[in-house]
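K.L.:
Pasting a structure below so you can have a look.
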Amino acid sequence: MSTVRIPPVLRQDTDGSRTVEVTGGTVAGALDDLFAQHPALRDRVSSNGTLSEFINVYVNDRDVRYRDGLETPVGPEDTIILLPAMAGGGR
Amino acid sequence: MPATVGRASGDLLTTIGATPMVELRRLTPHDGVRLFGKLEGANPTGSVKDRVALAMIGSARASGTLRPGQAILEPSSGNTGISLAMIGRLLGHPVRIVLPDNTTREREQLLRLYGAQIIPSPGAEGSNGAIRMAQVLARADPSLFMPYQYGNPDNPRVHEETTGPEILEQVPEVDVFVAGLGTGGTLTGVGRVLKRARPGVKIIAVEPHPGEQVQGLRSLQEGFVPPVLDETLLDDRYLVNNRDAVVGLRRLLRDEAIFAGLSSGAAVAVAVRVAREMASGSVVVLLADGGWKYLSAELWTRELDELSDELEGSLLW
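Heads up: the sequence lines are chains A and B, in that order. Each step along the first sequence adds one to the number in this note's numbering, with nothing skipped, and position 57 is 578. Each step along the second sequence adds one to the number in this note's numbering, with nothing skipped, and position 258 is 782.
So, in structure tokens, the structure goes:
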């Protein structure tokens, strides 16, 4: 199982859970399992199968857009981090 | 020793930019690669933001958008505000800064010393909250000029015209450039220059993993992609937690005697990791500010676990 970390802004859709355990060998597979467990999340973070520009997806600490996108492999030890796009890291 | 220092001319503003680049030999992970750090802490108020603030104010004054004596308002968690306050003092503009209430005390002190007025915004809403508050205030009072670094093209432009060419002159063989994401201005401006000169160069963004307590968004739609950031220039993007950033900051001080801020610690952590994975080549990392504005947070001296927990709720980079 891989772990998905849910940001505070999305926890209303996971009954307050900070993390959700999922299966799936890729980011797409893992997200499908996440949405199956918490259906309201699907519409909140994606439309027509495309992720919202306001959500960033990382496997461990690397943004999947600069790897293989939704096809980025995910192993059982990996953590998928969902983060809202925020102003930060600057001043 | 530098060959020459030239004759004195002009005021403090003329000393912005043209910062030193040093080789970080003690941090370099193996002999095949070279690692260089650009010391933006050498700017007059101790950060890269002096470049951005001067470019935004200079161009607004030149175009007449900013009139003599007109007040400036800007959201900033520190560095940009301090740069604007310094420039405002020299050029005769009152400065008001919307500052999240969970930054370090030094930032507030410096802003006040330079004569800025501070408008506190809720720390739990992070930088996004400060931006929203500043936008509301600017709309309500048209006499204020808001440079708005997140959307101002002068921000990436100054890096394209100064920081990028400086890097090419200092490390012409640069293969990888690593910098904090922030507004996206540095990565976008420097990225344009380096990609033109060296098409294979990799541009790597580093961003903080925001603590739970500073993710005060009510909905995803309140999220924010800075308009000045050109994401097509990026080749990779790393998330760095506060703990790793502190470790990087301590290594900078211990191994290279460089006293830098938290985002520099994060950028160095990523730069060392990227360098380790390269067989050969040169990596340039931008060290965005000096350590002075972080002294009260005791990042260098406190026990790491205790510090990591506390940093969750603050906005330091």
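Each residue gets a CB set at the ideal place from its N, CA and C atoms; glycine is no exception. All values reported here derive from a predicted model rather than from experimental measurement.
Provide the residue span of the beta strand (DSSP E) that contains residue 556 of chain A, from first to last.
P.N.:
Segment 548 to 558 is the alpha helix (DSSP H) holding residue 556 of chain A; no beta strand (DSSP E) there.
K.L.:
Can you check whether the C-beta of residue 749 of chain B is within less than 8 Å of a C-beta belonging to chain A?
P.N.:
With 8 Å as the cut-off, residue 749 of chain B counts as an interface residue toward chain A.
K.L.:
What do you reckon, are the CB atoms on residue 625 of chain B and residue 599 of chain B nearer than 8 Å?
P.N.:
Taking 8 Å as the Cβ cut-off, residue 625 of chain B and residue 599 of chain B do not qualify as a contacting pair.
K.L.:
Give the list of continuous beta strand (DSSP E) stretches no shorter than 3 residues that lie fully inside the segment 663 to 749 of chain B.
P.N.:
Whole beta strand (DSSP E) segments, 3+ residues: 700 to 704, 726 to 732.
K.L.:
Give, in chain order, every residue of the segment 565 to 577 of chain A whose Cβ lies closer than 9 Å to some Cβ of chain B.
P.N.:
Going along the segment 565 to 577 of chain A in chain order, one finds 565, 566, 573, 574, 575, 576, 577 with a Cβ nearer than 9 Å to chain B.
K.L.:
My understanding is that residue 828 of chain B touches residue 775 of chain B, with C-beta atoms under 8 Å, so please give their C-beta distance in whole angstroms.
P.N.:
Not really, about 13 Å apart at Cβ, beyond 8 Å.
K.L.:
Here's the rule I'm using: 16 or more other beta-carbon atoms within 10 Å means buried, otherwise exposed. How should residue 833 of chain B be labelled?
P.N.:
So residue 833 of chain B counts as exposed.
K.L.:
Taking Cβ positions only, does residue 546 of chain B come closer than 8 Å to chain A?
P.N.:
False, the Cβ-Cβ gap to chain A never drops below 8 Å.
K.L.:
Would you list the one or two residues that DSSP bridges to residue 560 of chain B?
P.N.:
Partner(s): B/547, B/808.
K.L.:
How many whole angstroms separate the CB atoms of residue 791 of chain B and residue 811 of chain B, which I take to be in contact at a CB cut-off of 8 Å?
P.N.:
At roughly 7 Å, the Cβ-Cβ gap stays under 8 Å, so residue 791 of chain B and residue 811 of chain B are in contact.
K.L.:
Do you know how far the Cα of residue 757 of chain B is from the Cα of residue 607 of chain A?
P.N.:
Between residue 607 of chain A and residue 757 of chain B, the C-alpha separation is close to 19 Å.
K.L.:
Give a yes or no on whether the minimum CB-CB distance between residue 606 of chain A and chain B is below 8 Å.
P.N.:
Yes, residue 606 of chain A counts as interfacial toward chain B.
K.L.:
Taking buried to mean at least 16 other C-beta atoms within 10 Å of its own C-beta, is residue 826 of chain B buried or exposed?
P.N.:
Exposed, by the Cβ-count rule.
K.L.:
Tell me, please, whether the CB atom of residue 761 of chain B is closer than 8 Å to any CB atom in chain A?
P.N.:
Judged by the 8 Å Cβ criterion, residue 761 of chain B is in contact with chain A.
K.L.:
Would you mind stating whether residue 842 of chain B and residue 638 of chain B have Cβ atoms separated by less than 8 Å?
P.N.:
Summary: the structure shown does not reach residue 842 of chain B, with chain B confined to residues 525 through 841, and so no result is reported for it.
K.L.:
Taking the beta carbon of residue 522 of chain A as the centre, do at least 16 other beta carbons fall within 10 Å, making it buried, or is it exposed?
P.N.:
Exposed, because fewer than 16 other Cβ atoms sit within 10 Å of the Cβ of residue 522 of chain A.
K.L.:
Please name the residue or residues paired with residue 784 of chain B in a DSSP beta bridge.
P.N.:
Answer is B/814.
K.L.:
Would you say the segment 583 to 593 of chain B touches the segment 712 to 722 of chain B, given that touching needs at least three Cβ pairs under 8 Å?
P.N.:
As far as the Cβ criterion goes, the segment 583 to 593 of chain B does not touch the segment 712 to 722 of chain B, which means the pair count is below three.
K.L.:
Within the same chain, show all residues whose beta-carbon is closer than 6 Å to that of residue 622 of chain B, passing over the 5 residues directly before and after it, in chain order.
P.N.:
Hits under 6 Å: 599, 643, 645, 654, 657, 658.
K.L.:
Is it true that the CB of residue 543 of chain A sits closer than 8 Å to the CB of residue 551 of chain A?
P.N.:
In this structure, residue 543 of chain A lies closer than 8 Å to residue 551 of chain A by Cβ.
K.L.:
Check the Cβ of residue 788 of chain B against every Cβ in chain A and list those closer than 8 Å, keeping chain order.
P.N.:
Correct list: empty, because the minimum Cβ distance to chain A is about 12 Å.
K.L.:
Tell me which residues of the segment 650 to 670 of chain B have at least one Cβ-Cβ distance to chain A shorter than 9 Å, keeping chain order.
P.N.:
Per Cβ criterion, the list reads 650, 651, 652, 654, 655.
K.L.:
Would you identify the three-state DSSP class for residue 659 of chain B, choosing helix, strand or coil?
P.N.:
Correct three-state label for residue 659 of chain B: helix.
K.L.:
Let me check one thing: in DSSP terms, what residues is residue 525 of chain A bridge-paired to?
P.N.:
DSSP lists A/541, A/601 as partners of residue 525 of chain A.
K.L.:
Going along chain B in order, which residues have a C-beta closer than 9 Å to the C-beta of residue 583 of chain A?
P.N.:
By Cβ distance, chain B contributes 760, 761, 762, 763.
K.L.:
For residue 529 of chain B, count the other beta carbons within 10 Å of its own beta carbon; 16 or more makes it buried, fewer makes it exposed. Which is it?
P.N.:
Exposed, because fewer than 16 other Cβ atoms sit within 10 Å of the Cβ of residue 529 of chain B.
K.L.:
Short of 8 Å Cβ to Cβ, which residues in the segment 675 to 702 of chain B face chain A?
P.N.:
Within the segment 675 to 702 of chain B, no residue qualifies.
K.L.:
Alpha carbon to alpha carbon, how far is residue 632 of chain B from residue 533 of chain A?
P.N.:
Those two C-alpha atoms are separated by around 36 Å.
K.L.:
Quick one: any contact between the segment 677 to 689 of chain B and the segment 544 to 551 of chain B, if contact means 3 or more CB pairs under 8 Å?
P.N.:
Contact fails: fewer than three Cβ-Cβ distances are below 8 Å.
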